[in-house]
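Residue numbers (our numbering): -17 to 228.
From the three backbone atoms N, C-alpha and C, an ideal C-beta is built for every residue, glycine too.
Down below is the structure, laid out as structure tokens.
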Amino acid sequence: MALFNWEEHAVITLVLVSVTLYTIYGAIYRLFLSPLSKFPGPKIAALTSWYELYYDLILGGKYTFKLIELHKQYGPIIRITPFELHISDPEFYDEVYASSASNRKRDKYPLFYESFGMDYSMFATIDHDLHKYRRAALNPFFSQQNVRKLQPVIQERISTMLQRIRDFKESEAVLNVSWLNAAFTSDVVMQYAFARSDHRLERPDFDRANRDGCFFGSTAANFMKHAPWLNTIFQSLPDQLTRLAH
């Protein structure tokens, strides 16, 4: 029994020491040895992603606005997480988003796209060449010629939207512009992508439930970005259980 207790104690000690050394090494690497260590920014942001998590989750998605303050303090290129830089310089746009003519290959950032849980979609394809191959199937639908063909649909929906605004003015009712814009966007996208429209602009409340659902999904993205592993769990749930959730 004494031997067993000693071995158990030794294992626990070894694990604790290993975790401590790994944590110390990770901190030293991120602060001083990482290729991103030469870029300015808060040291705590370079040390841990929990800095971003605090603004995203505790403060409700305020990290975007915090970045504006950080750029004023540190300059146009700053380090915002242990693995990310943020750039506020329009002249650097072509350097980051290289055109196809430049023949420069850049894979997407896995940690960001994993949060969407759509690993096999064109949107979340990480590899540059595979993404280019998948995107080629959709490119014709977004050519200038095809986009121009959508103009009558947009104009018709704009006319309907303006009429709804006039109706609200005449009735002196309060108009929620967020619901209005969401309904307009949904009608146009649905018509182009699925050749049908739910005519949300004509509904009394602009089908606010659809807008609220989309808004909830967008706010949930702040959480999923920091816990992408939850997608694996959700996608592994039995179909019967997911139906109950709906």
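Check                                                                                                     : Outcome
Leu(-15) (DSSP reduced to helix, strand or coil)                                                          : Reliability of the predicted coordinates at Leu(-15) is poor, the pLDDT of 49 falling under 50, and no value is obtained from them.
The ligand MN heavy atom lying under 7 Å from the CB of Gln173                                            : The ligand MN is not part of the structure shown, which contains no ligands of any sort.
Counterpart residues of Thr63 in DSSP-defined beta bridges                                                : Glu66
Cα-Cα separation, Thr224 to Leu35                                                                         : 28 Å
Arg193 beta carbon less than 8 Å from that of Asp169                                                      : no
Nearest-angstrom Cα separation, counted from Thr2 out to Ala9                                             : 11 Å
Leu52 (DSSP reduced to helix, strand or coil)                                                             : helix
Rounded distance between the beta-carbons of Ile69 and Phe21, thought under 8 Å                           : With a Cβ gap of about 10 Å, Phe21 and Ile69 do not count as contacting.
Unbroken stretches of the alpha helix (DSSP H), 4 residues or longer, contained in the segment 115 to 159 : 126 to 131, 133 to 153
Whole-angstrom distance between Val159 and Pro134, CA atom to CA atom                                     : 23 Å
Cα-Cα separation between Gln173 and Asp180, rounded to whole angstroms                                    : 9 Å
Coil, strand or helix - Phe21 by DSSP                                                                     : coil
Supposed contact pair Ser125 and Ala203 - C-beta distance, whole angstroms, cut 8 Å                       : That pair is no contact at about 29 Å.
Which of helix, strand or coil DSSP assigns to Leu247                                                     : Nothing about residue 247 can be reported from this structure: the residues present for the chain run from -17 to 228 only.
Spatial distance of Glu152 from Arg146 (CA atoms)                                                         : 10 Å
Endpoints, the alpha helix (DSSP H) within which Ile215 is located                                        : 211 to 217
Beta carbon of Phe188 nearer than 8 Å to that of Ala164                                                   : yes
Distance CB(Ala28)-CB(Leu13) smaller than 8 Å                                                             : yes
Per-residue burial, Arg117 [other beta carbons within 10 Å of its own, 16 or more giving buried]          : exposed
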